[in-house]
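Following: one structure in structure tokens, then a few remarks.
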Amino acid sequence: MKKQLQELLIKTDLTTDLSYLGLIKVTGADAQQFLQGQFTNDITKVNSEQHQLSALCSHKGRIIVSFRIFQHEAAFYLLLPKESLASVIKRLQMYVLRSAVKIEDASGNLTRIGISGINSEQILTDCLFAPPAEIDSNITKDGITILKIAGTIPRYIILGDKIPIECLTKLAKLEDSQTWQLLDILAGLPTVGLATTEEFVPQMINYHNINGVSFKKGCYTGQEIIARLHYLGEVKRQLYIAKIDSNKTPQSGNNLQANEEKVGKIVNVAPHPEGGFLILASLIIKHVETNDIHWENSKLQFMEKSL
């Protein structure tokens, strides 16, 4: 079922408006050091050629928000769910103290476009410039940054103030953000926003296996609990891709049940092209083995054993 969906999507080159994601800009002499003490990943590896997934966690090691962090013209940018933006800025500003750091909403500064499909590399070369070759790498030219991201099909994020949208949409069909979210689900890339804030430690959504957590860096908020689980604990929940056939729309944060017992939550949801919905779900592993987990009255159809 997953392979068929991938084959369907890879045949069509798509351009997607990513304005549902907001941008936080962080600058200042102490910006790197400050961010290093806040996030799950090693920020010293973010530069003009490399970006990464990361997360801001509570003191209990629970993810407040997940995001992609990159550099654009020497500034750090966080690409994150727009509904979480204001609360994240407020939280980060609490810890600035006397550090030389400026944190601001930059959503209006850079247009955000996604492009995917088997011909996406050539389309970017024709409309802009040759995109980066490696996943989690990036290139900036003439005020435009292109990020290559993980996926079951080639995918890129373009950020800038003068993106040639007409050229892109002429060569790649324009789709809404739900298609991009579907591609995220297929790639096993979870997003934590307001609906699921502080519900999961990183390991519950496979963040440690998609390069979203560094276990070699120094301290950051929540690090002790996350590291203890990694080295000494047993992860009892994992991330799964599943399909729900229902006329009702499931939502991020909805509970999933087995024999009327809560056994997990929906992390992300997107409509399936052939009807129903595709979800990322964080579930207690032992219950998945029974293959009898439901959202309301709809049974989950698992596409993979685990991610």
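Throughout the sequence shown, residue numbering follows my numbering, covering 879 to 1185 in sequence. For each residue, glycine too, the CB sits at the ideal point set by N, CA and C.
- Secondary structure remark: continuous alpha helix (DSSP H) runs of at least 4 residues inside the region 1079-1147, in chain order: 1101-1109.
- Taking 8 Å as the cut-off, the beta carbon of F912 is found closer than this to the beta carbon of V974.
- Where V1166 is concerned, the enclosing alpha helix (DSSP H) starts and stops at I1163 to V1166.
- Taking a 10 Å sphere around the C-beta of A1120, we find 16 or more other C-beta atoms and assign the residue as buried.
- Non-local beta-carbon contacts of E1012 in its own chain, meaning distances under 8 Å to residues more than five positions away in sequence, involve K1026 in chain order.
- When C-beta atoms of the region 918-934 are compared with those of the region 984-993, fewer than three pairs fall below 8 Å, so the two segments do not count as touching.
- Looking at the DSSP output, E1053 sits in a beta bridge with T894.
- In the structure shown, T918 adopts coil according to DSSP, grouped into three states.
- As the crow flies, the alpha-carbon of S977 is around 6 Å from that of D908.
- In the displayed model, D983 falls within a strand according to three-state DSSP.
- Between the alpha carbons of T1074 and D920 lies a gap of roughly 24 Å.
- Assigned with DSSP and collapsed to three states, R976 falls in coil, not helix or strand.
- In its chain, beyond the 5 residues on either side, D891, L1049 and A1050 have a beta carbon closer than 8 Å to the beta carbon of N997.
- With fewer than 16 other CB atoms across the displayed protein chains lying within 10 angstroms of its CB, F1093 is exposed.
- Of the candidates I1122, E1174 and I1171, I1122 places its Cα closest to the Cα of P1149.
- Straight-line measurement puts the Cα of K889 at about 17 Å from the Cα of D1062.
- Remark: C-beta atoms of K1140 and N1132 do not approach each other more closely than 8 Å.
- When only Cα atoms are considered, I1022 and V1091 end up about 27 Å apart.
- In the three-state reduction of the DSSP assignment, T989 falls in the strand class, which pools E and B.
- In this structure the region 963-973 does not touch the region 1025-1045; the number of beta carbon pairs closer than 8 Å is below three.
- A direct Cα-Cα distance of roughly 7 Å separates G1154 from N1125.
- The closest CA to that of L1067, considering only A952, L901, L931 and I1163, is found on L931.
- In the structure shown, R969 falls within a helical segment according to DSSP collapsed to helix, strand and coil.
- I1001: not part of any beta strand (DSSP E); member of the alpha helix (DSSP H) spanning S998 to C1005, first to last residue.
- Judged by their CB atoms, S985 and L901 are nearer to each other than the 8 Å cut-off.
- Straight-line spacing of the CA atoms in V1147 and S1160 works out to 12 Å.
- DSSP, reduced to helix, strand and coil, places K960 within a helical segment of the structure shown.
- The alpha-carbon separation between L887 and T1030 amounts to approximately 10 Å.
- The residue among E961, G1038 and H929 with its C-alpha nearest the C-alpha of N1016 is H929.
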